[in-house]
């Protein structure tokens, strides 16, 4: 039996991980709010303040991007999944607001991989159809939004909110293991895979062009970069500012 194109497996991993990470952070956040309020007596403001630690991404995202350029995206994905996984795994042990904020900050520190993985890997593995494949990959956000809240509610109702957070941690550890096994952005491996599956070798020049980009200074003064950043930021306002609050007010 012939092995499938490795890029297909990588795209599936990127899609599932992006969807589940976004769902855990956004769609499932509000499901824990009332549980934490009843358990510890914290106010909604105190609980929701944990979302503000997403500002850490301002510092971690460029760092991860630089590491991925220098050492490859695989190591960054493994690190991020482990960081997020430990952040969730320690949440069942919290007793104070400080611990809630600390582990929320740890989770936030690894979240840039949500977009970084697909943004780095898809253009390499699908140089002739990267836009289409990227669109398909990030439908995972919506699929995760349908699946994870239902699973989380089941765990909270029939087991405990602590075990729900434990599940989140295990899922991220699984993605770290999958990244270790399958993820690569090696040009040589990509070219061999394309050759093995009879994909056009004329696209190698497009793959090689990914080594030619702009440095941080040029990007900082690029209008396109700022437009992309602003559009993503405005979209995330609705997600983190509104969607996270819906379960708290619809119960």
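In this note's numbering, the protein residues as written are 10 to 260.
The C-beta atom is built at its ideal place from N, Cα and C for all residues, glycine as well.
* To do: Tell me, to the nearest whole angstrom, how far the beta carbon of residue 153 is from that of residue 98; I am working on the premise that it is less than 8 Å.
  => What you label residue 153 is simply residue 144 of the chain shown in a count that begins at 1. What you label residue 98 is simply residue 89 of the chain shown in a count that begins at 1. Contact between residue 153 and residue 98 does not hold, since their C-beta atoms are separated by about 19 Å, which reaches or exceeds 8 Å.
* Asked: For the stretch 131 to 192, which segments carrying the alpha helix (DSSP H) assignment without a break, of at least 4 residues, lie completely within its bounds, in sequence order?
  -> 139 to 146, 149 to 167, 170 to 191
* To do: Below 6 Å CB to CB, which residues in the same chain sit around residue 7 once its five sequence neighbours on both sides are set aside?
  => Not covered by the structure: residue 7. The range shown for the chain is 10 to 260.
* Label residue 61 either buried or exposed according to how many other C-beta atoms from any shown protein chain fall within 10 Å of its C-beta, with 16 as the threshold for buried. => Start at 1 with the first residue of the chain shown, and residue 61 comes out as number 52. Under this definition residue 61 is an exposed residue.
* Per-residue DSSP class, three states only, for residue 113 -> For the purposes of this step, residue 113 is identified with residue 104 of the chain shown, where counting begins at 1. Of the three classes helix, strand and coil, the one that applies to residue 113 here is helix, per DSSP.
* Which one of 67, 66, 46 has the shortest CA to CA distance from residue 57? -> For the purposes of this step, residue 57 is taken as residue 48 along the chain shown, with counting starting at 1. Of the candidates 67, 66, 46, the one whose C-alpha sits nearest the C-alpha of residue 57 is 46.
* **Member of 184, 55, 66 whose CA lies at the smallest distance from the CA of residue 268** => The requested residue 268 is not part of the displayed model; the chain covers only 10 to 260.
* residue 65 lies in the alpha helix (DSSP H); which residues open and close that run? -> Translated into the one-based positions of the chain shown, residue 65 becomes position 56. Per DSSP, residue 65 belongs to no alpha helix (DSSP H) and is neither H nor E.
* Between the beta-carbon of residue 16 and the beta-carbon of residue 135, is there less than 8 Å? -> Translated into positions along the chain shown, residue 16 becomes position 7. Translated into positions along the chain shown, residue 135 becomes position 126. Yes, the pair counts as a contact, with Cβ atoms nearer than the cut-off.
* Report all residues from its chain with a CB closer than 7 Å to the CB of residue 25; omit the five preceding and five following residues, and keep chain order. => Counting from one through the chain shown, the residue named residue 25 turns up at place 16. Cβ neighbours of residue 25 beyond the five flanking positions: 149.
* Own chain residues within Cβ distance below 6 Å of residue 22, not counting five before or after -> Position 13 of the chain shown, counting from 1, holds the residue named residue 22. 187.
* The alpha helix (DSSP H) spanning residue 97 covers which residue range? -> Here residue 97 refers to the residue found at position 88 of the chain shown. Run containing residue 97: 82 to 99, per the alpha helix (DSSP H) assignment.
* To do: Look up residue 37 in the DSSP assignment and say whether it is helix, strand or coil.
  => Residue mapping note: residue 37 aligns to position 28 of the chain shown, counting from 1. Coil at residue 37, not helix or strand.
* Are the stretch 25 to 35 and the stretch 156 to 168 in contact at 8 Å, needing three or more beta carbon pairs? -> yes
* **Reference residue 86; option with closest CA among 237, 202, 191** => Within the chain shown, the letter at position 77 stands for residue 86. Minimum Cα distance to residue 86 is reached at 191.
* To do: Quick one: using the 10 Å Cβ neighbour count with 16 as the cut-off for buried, is residue 170 buried or exposed?
  => The sequence position of residue 170 within the chain shown is 161, counting from 1. Buried is the call here.
* To do: Output the boundary residues of the alpha helix (DSSP H) element that contains residue 22.
  => Translated into the one-based positions of the chain shown, residue 22 becomes position 13. Residue 22 -> alpha helix (DSSP H) spans 15 to 31.
* Evaluate residue 161 with the Cβ neighbour count: other Cβ atoms within 10 Å of its Cβ, from every protein chain shown; 16 or more gives buried, anything less gives exposed. => Within the chain shown, residue 161 is the residue found at index 152, counting from 1. Buried is the call here.
* Out of curiosity, what's the CA-to-CA distance linking residue 51 and residue 90? -> In the chain shown, residue 51 corresponds to position 42, counting from 1. In the chain shown, residue 90 corresponds to position 81, counting from 1. So the two alpha carbons sit approximately 29 Å from each other.
* Asked: Assuming residue 40 and residue 165 make a contact with CB atoms under 8 Å, what is their CB distance in whole Å?
  -> One-based indexing of the chain shown puts residue 40 at position 31. One-based indexing of the chain shown puts residue 165 at position 156. Correct: roughly 6 Å between the Cβ atoms.
* Thinking C-beta only, is residue 77 closer than 8 Å to residue 125? -> In the chain shown, residue 125 corresponds to position 116, counting from 1. In the chain shown, residue 77 corresponds to position 68, counting from 1. Contact: yes.
* Helix or strand or just coil, what does DSSP make of residue 206? -> Numbered from 1 along the chain shown, position 197 holds the residue referred to as residue 206. It is coil, neither helix nor strand.
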